[in-house]
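Engineer:
Structure, rendered in structure tokens:
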């Protein structure tokens with residue numbers, strides 16, 4: 044995972060590039076990644092935010108594309124998922140651009156849990172730390188502080204809120220921001236306000 048603090052540059056700027064609904068699979072859409080390569084090089088962002096449906100999780104185990112074979116075990120689905128995420132994340136890692144992620148409704152429509160997917164993201168050196176210690180909310184609910192270029196004072200904050208969900212039977216489906224996530228946000232907001240002697244300018248991402 045990414046070890047350094049994110050900071051504004053000496054001109055007081057911090058550029059965020061949002062990438063949403065890549066809906067990537069183990070067989071890449073070459074035109075999309077060619078386009079993203081050009082965008083990364085043109086924008087040269089300080090942070091890339093992947094805001095869900097990063098993979099097409101509900102089809103990653105079926106036989107609709109490629110060799111027309113289904114992935115029938117957890118290991119085979121996980122192998123496909125690693126491959127799909129590699130197509131998305133390797134170009135970012137190659138450019139040494141920090142990235143953060145949240146999930147959408149498609150990411151975990153399979154047998155690989157959110158936490159298991161997060162571990163794959165976390166293997167990349169440019170992955171900004173996500174939630175690994177608060178079980179009251181999902182692993183993709185967290186905040187990212189942005190610091191001054193001159194010192195370690197926090198000047199900005201990025202909220203990452205999970206909105207992927209399950210129905211009453213635990214089946215993944217279209218979701219929403221859950222009440223416990225809102226409670227976490229309110230508590231964390233108060234903490235940031237107290238630590239910084241006032242409100243912190245922020246930007247929120249969710250799918």
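Residue numbers (our numbering): 44 to 250. Cβ atoms here follow ideal geometry from the backbone N, Cα and C, with glycine treated the same way.
1. Taking the CB atoms as reference points, tell me whether residue 181 and residue 207 lie closer together than 9 Å.
2. Relative to the alpha-carbon of residue 218, which residue among 80, 63, 149 has its alpha-carbon at the smallest distance?
3. Residue 204 and residue 247 look like a contact to me (Cβ under 8 Å); what is the Cβ gap, rounded to whole Å?
4. Can the beta-carbon of residue 127 be found less than 9 Å from the beta-carbon of residue 69?
5. Do the CB positions of residue 98 and residue 131 come within less than 9 Å of each other?
6. May I ask which residues mark the beginning and end of the beta strand (DSSP E) holding residue 94?
7. Per the DSSP calculation, residue 143 is bridged to which residue(s)?
8. Quick check on residue 74: buried or exposed, where buried means 16 or more other Cβ atoms within 10 Å of its Cβ?
9. Using only the alpha-carbon positions, how far apart do residue 140 and residue 240 sit?
10. State the start and end residues of the unbroken beta strand (DSSP E) segment that holds residue 160.
11. So residue 245 and residue 174 are in contact, right, with Cβ under 8 Å, and what is the actual spacing, rounded?
12. For the beta strand (DSSP E) containing residue 62, name the first residue and the last one.
13. Please report the straight-line C-alpha distance between residue 93 and residue 183, rounded to a whole angstrom.
14. Applying the 10 Å Cβ sphere with the 16-neighbour rule, what's the burial state of residue 225?
15. Find the nearest neighbour of residue 202 within the set 194, 186, 192, judged by alpha-carbon distance.
16. Beta carbon of residue 120, beta carbon of residue 155: below 9 Å?
17. Return the chain-ordered list of same chain residues with a C-beta closer than 7 Å to the C-beta of residue 157, the five sequence neighbours on each side being excluded.
18. Since I believe residue 190 is in contact with residue 49 (beta carbons under 8 Å), could you give me their beta-carbon distance rounded to a whole number of angstroms?
19. Quick test of your reading: residue 105 and residue 64, contact by CB under 8 Å. State the CB separation rounded to the nearest angstrom.
20. Tell me which same chain residues have a C-beta within less than 7 Å of the C-beta of residue 138, skipping the five on either side of it?
Structural biologist: On the basis of the coordinates in this document:
1. yes
2. 149
3. 6 Å
4. yes
5. yes
6. 90 to 94
7. 92
8. exposed
9. 31 Å
10. It is not in any beta strand (DSSP E) - residue 160 instead sits in the alpha helix (DSSP H) that spans 157 to 165.
11. Actually they are not in contact, since the Cβ atoms of residue 245 and residue 174 sit about 17 Å apart, beyond 8 Å.
12. 59 to 62
13. 11 Å
14. exposed
15. 186
16. yes
17. 146, 151, 181, 182, 183
18. 7 Å
19. Incorrect: roughly 19 Å between the Cβ atoms, too far for contact.
20. 83
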